[in-house]
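Count along the sequence shown starting at 1, add 53, and that's the number in our numbering.
From the three backbone atoms N, C-alpha and C, an ideal C-beta is built for every residue, glycine too.
Working notes, beginning with the structure itself.
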Amino acid sequence: MIREILIHPDPRLKKPCEPIAKVTPDITALAVDMLETMYDAPGVGLAAPQLGVLKRLFVMDCIKEGLPEPMVLINPKIVFSSEDMNVYEEGCLSIPDQYAEITRPREVTVQWMGLDGAQYERQFSGLWATCAQHEIDHLNGRLFIDNLGPLKRQMITRKMEKLKREWARGL
Ligand code: K1U
Ligand code: ZN
Numbered sequence: 054m055i056r057e058i059l060i061h062p063d064p065r066l067k068k069p070c071e072p073i074a075k076v077t078p079d080i081t082a083l084a085v086d087m088l089e090t091m092y093d094a095p096g097v098g099l100a101a102p103q104l105g106v107l108k109r110l111f112v113m114d115c116i117k118e119g120l121p122e123p124m125v126l127i128n129p130k131i132v133f134s135s136e137d138m139n140v141y142e143e144g145c146l147s148i149p150d151q152y153a154e155i156t157r158p159r160e161v162t163v164q165w166m167g168l169d170g171a172q173y174e175r176q177f178s179g180l181w182a183t184c185a186q187h188e189i190d191h192l193n194g195r196l197f198i199d200n201l202g203p204l205k206r207q208m209i210t211r212k213m214e215k216l217k218r219e220w221a222r223g224l
């Protein structure tokens, strides 16, 4: 089922999310909905709080061409970040049509629990690394615009408030 993606500003996007103790059928169903919603948007990642669910879970698939590689990461934790940094022009499905260059570690190693309840660890680079960091920020109540200066951040927030007012009026 495709679910509605929350648009900034929304207090649910600013809250730290709770760890998931156990993979239940509800969590599996949520992950399936998240992947469906991400591919429909379209996006390369999606975190549970973007659907209003304050749990530590995100999905991603950064394959742009060829066979899809859907990933579900529960309770993800970055255990290594490279000193080498990378700049990427990021977007966010909760901040439509706004992009900004964000600097983050070029490589990260992430540990997480899979839908099978097993623990995984993998090193990510390129867009995968950028996306994993962007999504883990969502789980901590942070948006990519929190990396910008106050003026740019305020300008984008005002644009989103206007967009939401227009949508509410059916424009
Ligand atoms: O978390 C999100 O809001 C999803 C976001 C993830 C992301 C994008 C760029 C850099 C880091 C993280 C998106 O997927 S925005 C849409 C997007 O980047 C995209 C859409 C279609 C094709 C390719 C990329
Ligand atoms: Zn985002």
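**OP:** Classify D190 as helix, strand or coil using the three-state DSSP reduction.
**Re:** Taking the first residue of the sequence shown as 1, we reach residue 190 at position 137. D190 falls in the helix class under three-state DSSP.
Original post:
What runs of the alpha helix (DSSP H), each 4 residues or longer, lie entirely inside the stretch 122-167?
Top reply: Segments of the alpha helix (DSSP H) lying fully in the stretch 122-167: there are none.
Original post:
Who are the Cβ neighbours of C115 in its own chain at under 6 Å, not counting the five residues just before and after it?
Top reply: What you label residue 115 is simply residue 62 of the sequence shown in a count that begins at 1. Contacts found: V97, L180, W181, C184.
**OP:** Please indicate yes or no: does the CB of G98 lie closer than 7 Å to some heavy atom of the ligand K1U?
**Re:** If you number the sequence shown from 1, residue 98 lands on position 45. Checking the Cβ of G98 against the ligand K1U gives yes.
Original post:
From A82 to A74, what distance separates their C-alpha atoms?
Top reply: If you number the sequence shown from 1, residue 82 lands on position 29. If you number the sequence shown from 1, residue 74 lands on position 21. Whole-angstrom Cα-Cα distance: 16 Å.
**OP:** Grab me the residues of C70's own chain with a C-beta within less than 7 Å of its C-beta, minus the 5 sequence neighbours each way, in chain order.
**Re:** For the purposes of this step, residue 70 is taken as residue 17 along the sequence shown, with counting starting at 1. The answer, listed in chain order, is A101, P102, L107, K108, R109, L192.
Subject >> Below-8 Å beta-carbon distance, G96 vs any chain D residue >> reply: Chain labels in this structure do not include chain D; a single protein chain is all it has.
Subject >> Beta carbon of Q176 nearer than 8 Å to that of T162 >> reply: Locating residue 176 in the sequence shown gives position 123, where the first residue counts as 1. Locating residue 162 in the sequence shown gives position 109, where the first residue counts as 1. With respect to T162, Q176 sits close: the two C-beta atoms are nearer than 8 Å.
Original post:
Quick check: the stretch 163-171 against the stretch 126-143, are there 3 or more CB pairs under 8 Å?
Top reply: yes
Subject >> Coarse secondary structure for L110, derived from DSSP in three states >> reply: Along the sequence shown, read from residue 1 onward, the residue named residue 110 stands at position 57. Looking at L110 - three-state DSSP - the assignment turns out to be strand.
Subject >> Boundaries (first-last residue) of the beta strand (DSSP E) holding A100 >> reply: Position 47 of the sequence shown, counting from 1, holds the residue named residue 100. The continuous beta strand (DSSP E) containing A100 extends over residues 98-100.
**OP:** Compute every distance between the C-beta of L201 and the non-hydrogen atoms of the ligand ZN, then say whether any falls below 7 Å.
**Re:** Within the sequence shown, residue 201 is the residue found at index 148, counting from 1. L201: no, Cβ never under 7 Å from the ligand ZN.
Original post:
DSSP on E89, reduced to helix/strand/coil?
Top reply: Within the sequence shown, the letter at position 36 stands for residue 89. Correct three-state label for E89: helix.
**OP:** Determine which residues share a DSSP beta bridge with E71 and list them.
**Re:** As a position in the sequence shown, residue 71 is number 18, starting the count at 1. For E71, which the question treats as bridged, DSSP gives the partners K108.
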